[in-house]
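Please read the structure below before turning to the comments.
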């Protein structure tokens, strides 16, 4: 388990731009681990190379290797964005890159300094034609959200998301599409055109506040500081744009938090416009900046409600009434009917049934079967991003330790812990010491008292997994593709499994079962 | 020096757009943009002189001009600089990292 002081150390580094003193009880390995988790390995290496502290010598080689790998990966990803944009351009569709790939080519010294899970581009017109263009170029559609569709690159450089709006609930923050295009600037790397610095900052703020509930990785918070420091911002223009997009509150909220987390200094007018509830909430939390750093769990619904004070009915309407049904029907009557059905299912606490069209983010085919459990062959960063951006994430599971409930090779649909609170008996995606695992939650809500640690266990395993914090559970399986009758949640099985795990531990004489729950 | 080597020094090569050079910390690396993403084997590490030459490969400067620039910037013998230049260009051609030259006198 990564200690919070390792994240605090890396946060200090991001905020100061130089290495803080290493606490005596913190090892270099933990710092390395935290820097990887937060997307700051390359940033840490730059600081180590500049200051050469003795404690960092054992991790320097690993950091150097990491930076090279990140350079290759991010260059490939930016290239993917460039190719995708050219495909759209060839069809006369105007589109601009968004977020990470823009930042990698502008405010960061080298692309390796800005790792990203996928690349995003915003179609300014003819979204449906853009989808066709990507499909015809061999891109495989793997996900649909209300604001973006995701595609896998046939050349293997990763996932590209084609957006129709910057964040979920399209229309809530109106896009000035002509203005975005008019304000674009020339790129200096692989990307030919980039959004203006003001548009970029506004998009980052909307993404941070509305899409992610003000919880980001440290490198994403660092984006704000670097944009404020390295871009020439026209503040009155930014304020005009934010007002027109009805996004003053998300802009202010994101900048207030960015200052607390990484010392991003924004001009005071940009920090105005926070609704009272949000201001109160931030006042309480700002003293603990790590509350805004992943893997902290965002209170997404509450943040959205507070950001949209005075527009809550519109928030509900635009959240439920999607731009089209999963079958592609754009007629209002069909969308409203679908919204009612969806709202009804959600109100009853039922998992939405898997639709015929891919409404989930498919993260790929399984790797070789794992010997020790159901492995998740993807980075946590990518999973977190997908879980935040899409209603469901689809994974092909590997391993046999959850059979017969989950069979090797089956595709499962996951819902993030922030959307659906994990409960006893769920099969959950949890962060274990050896990586992400899909195991059953055998001690958790409603059985576990608030603040206590939870336990997971493989159905076919003998022993309980080590205790985990609630925030280490990223998502729960809500359905198994091709088996609509399958019930992934089994509370009774969880209790039996827990008892077996405790009995096995007692037999092993390692320690008493009751202690194992503390 | 062979005639082939003299000819090559008279050529003006340019960087291929499918190859990106980046200085990261103390090292300078060339990364191919085509093909599959994370192929660490295809990265090329350049030393200081090679990185300097790479950045000057604009399709306008001939090898001879670049060798002159190297002699001005680094403490190195002409013969050694010419030999290193020719070796570097040979490697870059093999990797498809440079575009065909235009011949100059």
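Protein chains in written order, with the numbering used here: chain A, 262 to 779; chain B, 0 to 104.
Ideal Cβ positions, reconstructed from N, Cα and C, are used throughout, including at glycine.
In this text the structure is predicted, and so the values were computed from the model without any measurement.
Rounded to whole angstroms, residue 95 of chain B and residue 89 of chain B show a C-alpha spacing of 10 angstroms. Within the segment 672-713 of chain A, complete beta strand (DSSP E) segments of at least 3 residues are found at 672-677, 688-693 and 696-704, given in chain order. Selection A:396, A:738 and A:758 evaluated against residue 415 of chain A yields A:396 as nearest (Cα-Cα). Boundaries of the alpha helix (DSSP H) harbouring residue 320 of chain A: 318-351, taken from the DSSP string.
Here the alpha carbons of residue 267 of chain A and residue 326 of chain A stand approximately 21 angstroms from one another. Proximity of residue 366 of chain A to chain B, defined by a Cβ-Cβ separation below 8 angstroms, is not satisfied. Boundaries for residue 294 of chain A: no beta strand (DSSP E) harbours it, while the alpha helix (DSSP H) harbouring it runs 289-298, taken from the DSSP string. Under the three-pair Cβ rule at 8 angstroms, the segment 334-349 of chain A does not count as touching the segment 290-301 of chain A. Looking at B:18, B:60 and B:2, the one whose alpha-carbon comes closest to that of residue 31 of chain B is B:18. Judged by beta-carbon spacing, residue 512 of chain A lies within the 8 angstroms limit of residue 531 of chain A, meaning their Cβ atoms are closer than that value.
Beta-bridge partners of residue 19 of chain B (DSSP): B:30. About 6 angstroms separates the beta carbon of residue 648 of chain A from that of residue 735 of chain A, a gap short enough to meet the 8 angstroms contact definition.
When Cβ-Cβ separations below 8 angstroms define contact, residue 21 of chain B makes contact with chain A. Residue 419 of chain A counts as buried, since at least 16 other C-beta atoms from the protein chains shown sit within 10 angstroms of its C-beta. The C-alpha of residue 58 of chain B is placed about 25 angstroms away from the C-alpha of residue 74 of chain B. Scanning chain A for C-beta atoms nearer than 8 angstroms to the C-beta of residue 32 of chain B yields 336, 337, 340 and 451, reported in chain order. The distance from the Cβ of residue 526 of chain A to that of residue 581 of chain A is about 39 angstroms, inconsistent with a contact at the 8 angstroms cut-off. The continuous beta strand (DSSP E) containing residue 410 of chain A extends over residues 409-413.
Interface flag for residue 602 of chain A against chain B is unset, since no Cβ pair is found closer than 8 angstroms. By the 16-neighbour rule on beta-carbons within 10 angstroms, residue 601 of chain A is exposed.
When the beta-carbon positions are compared, residue 464 of chain A and residue 359 of chain A come within less than 8 angstroms of each other. DSSP places residue 358 of chain A within a strand segment (E or B) once states are collapsed to three. Your pair residue 534 of chain A and residue 510 of chain A checks out as a contact, with CB atoms roughly 6 angstroms apart and the cut at 8 angstroms.
Note that the C-beta distance between residue 435 of chain A and residue 445 of chain A is not below 8 angstroms. If you look at residue 537 of chain A, you'll find it in the alpha helix (DSSP H) that goes 537-546. If you draw a straight line from the Cα of residue 347 of chain A to the Cα of residue 454 of chain A, it is about 11 angstroms long.
Rounded to whole angstroms, the separation of the alpha carbons of residue 469 of chain A and residue 658 of chain A is 30 angstroms.
Contact annotation: the segment 351-365 of chain A does not touch the segment 1-18 of chain B, with fewer than three C-beta pairs closer than 8 angstroms. With a threshold of 8 angstroms between beta carbons, residue 329 of chain A makes contact with chain B. C-alpha of residue 383 of chain A to C-alpha of residue 426 of chain A: approximately 7 angstroms in a straight line. Boundaries of the beta strand (DSSP E) around residue 738 of chain A: 734-741. Residue 23 of chain B and residue 373 of chain A do touch by the CB rule: their CB atoms are close to 6 angstroms apart, below 8 angstroms.
When the Cα atoms are used, residue 564 of chain A and residue 576 of chain A turn out to be separated by approximately 12 angstroms. Under the Cβ distance rule, residue 310 of chain A counts among the residues neighbouring chain B, one pair being separated by less than 8 angstroms. Under the three-state reduction of DSSP, residue 654 of chain A is assigned to strand. Note on geometry: alpha-carbon atoms of residue 677 of chain A and residue 367 of chain A lie some 32 angstroms from one another.
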